[in-house]
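The block underneath contains the structure these notes are about, expressed in structure tokens.
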Ligand code: PFF
Ligand code: NA
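Residue numbers (this note's numbering): 329 to 782.
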């Protein structure tokens, strides 16, 4: 069979794929969300469940997404359809791709708001607004930002524009070059921050909080959050990795690449936790403070260290870049589909998509001010979008992808695409995909329902 080519282009090498996918994975989920949900869910036991979810559910499903994408070399909606048809099944599997596109829009709308906070902090650090700030003042500053829709709209708009600009230009060149330098730089800065937090008196308390296992802290609710976050942090269940996989060179190992990506993502999350919690404990703050955690703890640390405003500026800059390379992958599946389906140029596709997600973002940002009274199922818009996507849509999308790749496409197709030489490793993947991950997702869903209804 002649090898298929994507009309959107291809990554220059396997390493570029790994970097791009790591760029998608490593984002606000690691530095902002992981620490605050760990704080809300009691620490160590939650972290352990999360690590199991990454290994047993996340890695096998990520491999499935890449293999489907690379097999079809099209946007997730069309890839699901084509691969299903190749295996003599209904083209309606494209619905999984559609749900992913919807999830991507929904995630983007609150992601962009948080990225907007990051941009505001970059600017603030740049002009020295946070110099020698203490915990109370940092909290007050963050709250006054949330209360100010105008400022929020400005930064949200800037972020939407940044993302659409890259997608409009085609992900390949712009993104390839960006991630090559930015991801390593982010790593180095995180390590610098780790060095700082290791010197605070809160380090051992922070370490214990992250790694001390106390099962009494666990609830089914916390397990669901851990599972959902495994999907969110690895960009799984909505087609982002499938889209990136469709640009992957043929002769490169999917398994090895995926393990590398998952490892880097996990490392960044754990280091972020080891940076943030010691600062929390050293300053008598509350680890369960919620979404504001990073935005009140880090300025305190930067306020105290020599040269802190410069480090703070660079650090938030890198968080912003991490958010940027992730957000691109939230919209790429939809953009690629528009190009494939209607033959649109990327520019009009991005303008249309940009307007859509910009408007959704306004609703998310209003949760903190002009729409604070508006709730859906008891959530404000921001929390609803976060909950629905991470805890419902992504695990559900992942469940369908696992069932599809495990039970519907032929074993031969999977073997072909993965090209794993060790039968043992292939079988380990296959069992994890066919049994472990669907059963885990199903059980966690069901027990959560039971817990909520009782
Ligand atoms: N993985 C990203 C993060 O951890 O910040 C968020 C994300 C990006 C989720 C892309 C889903 C996605 F498709
Ligand atoms: Na992540």
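Glycine is no exception: its CB is placed at the ideal position from the N, C-alpha and C atoms. Bear in mind that the values here come from a model prediction, so they are computed numbers and not experimental data.
Burial state of residue 527, where buried means 16 or more other Cβ atoms lie within 10 Å: exposed
#### Entry: Euclidean distance between Cα positions of residue 372 and residue 770
24 Å
- Item | C-alpha gap between residue 338 and residue 577, whole angstroms | 7 Å
Open item on the list: For the ligand NA, I want to know if residue 593 counts as a neighbour, meaning its beta carbon is within less than 7 Å of at least one of the ligand's heavy atoms.
Closed with: yes
TODO: Consider the C-beta atom of residue 487 and the heavy atoms of the ligand PFF; say whether any pair is separated by less than 7 Å.
DONE: no
field: Proximity test, residue 353 beta-carbon vs the ligand PFF heavy atom, cut-off 7 Å
entry: yes
- In its own chain, which residues sit with a C-beta less than 6 Å from the C-beta of residue 610, not counting the 5 before and 5 after it? 528, 529, 530
As a quick exercise: from 398, 360, 383, 378, pick the residue whose alpha carbon is nearest that of residue 438.
360
**Item:** Length of the line joining the Cα atoms of residue 614 and residue 608
**Value:** 7 Å
Requested in this report: Just list the alpha helix (DSSP H) runs in the stretch 405 to 458, keeping only unbroken ones of 4 residues or longer that don't cross its boundaries, in chain order.
Outcome: 422 to 454
Of the residues 518, 352, 421, 419, which one's Cα is nearest the Cα of residue 507?
-> 352
| Simplified DSSP state of residue 696, which is helix, strand or coil | coil
Helix, strand or coil: which one does DSSP assign to residue 362? helix
Q. What are the start and end residues of the alpha helix (DSSP H) that includes residue 735?
A. Unbroken run through residue 735: none, as it is neither H nor E.
In the DSSP output, which residue or residues are listed as bridge partners for residue 707?
704
Note to self: Given this structure, state the Cα-to-Cα distance separating residue 681 from residue 491, to the nearest angstrom.
What the structure shows: 11 Å
### Task
Can you tell me the Cβ-Cβ gap for residue 460 and residue 661, rounded? I've got them flagged as a contact below 8 Å.
About 45 Å; that fails the 8 Å criterion.
Per-residue burial, residue 625 [other beta carbons within 10 Å of its own, 16 or more giving buried]:
buried
- prompt: Which first and last residues belong to the alpha helix (DSSP H) in which residue 579 is found?
  reply: Here residue 579 belongs to no alpha helix (DSSP H), and DSSP marks it neither H nor E.
Original post:
From this set, 583, 374, 498, 604, which residue's C-alpha is nearest residue 677's C-alpha?
Top reply: 498
*Would you say residue 356 touches the ligand PFF, meaning its beta carbon is less than 7 Å from a heavy atom?*
yes
Report task. Tell me, to the nearest whole angstrom, how far the beta carbon of residue 726 is from that of residue 559; I am working on the premise that it is less than 8 Å. Result -> 5 Å
_When you measure from the CB of residue 561 to every non-hydrogen atom of the ligand NA, does any distance come out below 7 Å?_
yes
**Prompt:** Do you know offhand how far residue 742's Cα is from residue 340's?
**Reply:** 24 Å
Inset, instruction - Just mark residue 418 as buried or exposed, buried being the case when its beta carbon has 16 or more other beta carbons within 10 Å. - result: exposed
With three or more beta-carbon pairs closer than 8 Å as the criterion, would you say the stretch 450 to 465 touches the stretch 633 to 651?
yes
Near residue 564, what residues of its chain come up, given a Cβ to Cβ distance below 7 Å and the 5 sequence neighbours on each side ignored?
-> 386, 389, 390, 393, 722, 726
Since residue 654 is in the alpha helix (DSSP H), which residue starts that stretch and which ends it?
636 to 670
Worksheet entry | Nearest-angstrom Cα separation, counted from residue 549 out to residue 616 | 15 Å
- Query: By DSSP, does residue 332 sit in helix, in strand, or in coil?
  - Reply: coil
Problem - Buried or exposed (CB count within 10 angstroms, at least 16 for buried), residue 513 - result: exposed
Quick one: give me the first and last residue of the alpha helix (DSSP H) that residue 478 is part of. 477 to 496
How big is the Cα-Cα spacing for residue 336 and residue 666? 12 Å
Checklist entry - With respect to 7 Å, is the separation between the Cβ of residue 589 and the closest non-hydrogen atom of the ligand PFF below this value? => result no
Rounded to whole angstroms, what is the Cα-Cα separation between residue 473 and residue 446? 11 Å
Review point. In angstroms, rounded to a whole number, what distance separates the CA positions of residue 410 and residue 653?
Key: 28 Å
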